[in-house]
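The letter at position 45 of the sequence shown is residue 45 when you use the working numbering, and the numbering goes up by one with no holes. Ideal placement from N, C-alpha and C gives every residue a C-beta, glycine not left out. Report on the following structure.
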Amino acid sequence: SSSSPERPSRPSTTQHDPFKTRPLRQRPVARRLSSGLLPERPFPVEPLRLKQTMSSLLPLINDLLPMIISSSSVHVTRANTLRAPDATLGPGSSNEAGAVVSKSDKLCASVLTLTPHTTSAVRHHGEQDTIIYTASGTGVLLVSPSAGEVKRHEMEKGDFAFIPAWTEHQLLNETDQETVWTITRSGSQPTVVGLTDWGGDRTA
Numbered sequence: 001s002s003s004s005p006e007r008p009s010r011p012s013t014t015q016h017d018p019f020k021t022r023p024l025r026q027r028p029v030a031r032r033l034s035s036g037l038l039p040e041r042p043f044p045v046e047p048l049r050l051k052q053t054m055s056s057l058l059p060l061i062n063d064l065l066p067m068i069i070s071s072s073s074v075h076v077t078r079a080n081t082l083r084a085p086d087a088t089l090g091p092g093s094s095n096e097a098g099a100v101v102s103k104s105d106k107l108c109a110s111v112l113t114l115t116p117h118t119t120s121a122v123r124h125h126g127e128q129d130t131i132i133y134t135a136s137g138t139g140v141l142l143v144s145p146s147a148g149e150v151k152r153h154e155m156e157k158g159d160f161a162f163i164p165a166w167t168e169h170q171l172l173n174e175t176d177q178e179t180v181w182t183i184t185r186s187g188s189q190p191t192v193v194g195l196t197d198w199g200g201d202r203t204a
């Protein structure tokens, strides 16, 4: 028997409009981003990339720092302003003159002169660390630790000594010549707290 020819399919009555758009459904992450629950950049910057960026900026920072930091003017203190050439110290006397004071927030310097057979008062410098340099002569540095006997340190010309903050100490000149020390302290102005004795009360 002969097969009947296939009927042509009837066109659908519902036509598809390719330009018709439908609202997109936001994914959960997108909704949280739009609501502000998540940061715009949910993933951190790679540590290696951040390290490379910082390393590349270091040379630039080193070049800019001298321009950013305000430069203070250089200050010179002449020796004849610390003590007049014709000024003399009487026997048993001492003189401490400020050499560089109030020029920096972190440092100050002074010059201490002891005449022969003279001692300074027992003292400490509060919160300031101190460096002593023997500029001329020979002297003795006595230091009282928090507990124990007073220690004696012989100091000749060119010697340095570091004295931590709050450490009680005393300077002696047991020779027949003047002894001169330069004293640097970690403060804008020197702090000197005189004591009546080791571990004693403050003097007026």
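| Asked | Found |
| --- | --- |
| Quick one: is residue 189 buried, meaning 16 or more other Cβ sit within 10 Å of its Cβ, or exposed? | exposed |
| Cα separation between residue 84 and residue 129? | Bear in mind that the predicted position of residue 84 carries a pLDDT of just 47, short of 50, making it unreliable; the figure below should be weighed with that in mind. If I take the Cα positions, the gap works out to 29 Å. |
| Considering only the alpha carbon of each residue, which of 49, 55, 168 and 184 lies closest to residue 120? | 168 |
| Take residue 151 and list the residues in its own chain whose beta-carbon comes closer than 6 Å to its own, dropping the five residues that flank it on each side. | 143 |
| So the beta strand (DSSP E) residue 79 belongs to, where does it begin and stop? | No beta strand (DSSP E) contains residue 79, which is instead part of the alpha helix (DSSP H) from 79 to 82. |
| Closer than 6 Å by C-beta to residue 75: which residues in its own chain qualify, once you throw out the five before and the five after it? Chain order, please. | 103 |
| Which same chain residues end up closer than 8 Å to residue 200 when comparing Cβ atoms and leaving out the 5 residues on each side of it in sequence? | 122 |
| Here's the rule I'm using: 16 or more other beta-carbon atoms within 10 Å means buried, otherwise exposed. How should residue 79 be labelled? | exposed |
| Identify which residue in 157, 161 and 148 has its Cα closest to the Cα of residue 221. | In the structure as shown, the chain begins at 1 and stops at 204. Residue 221 is therefore absent and cannot be evaluated. |
| Quick check on DSSP: helix, strand or coil for residue 110? | strand |
| For residue 205, name the three-state secondary structure that DSSP assigns. | With the chain represented from 1 up to 204, any question about residue 205 goes unanswered, as that position is not in the structure. |
| Which stretch, first to last residue, makes up the beta strand (DSSP E) that contains residue 185? | 179 to 185 |
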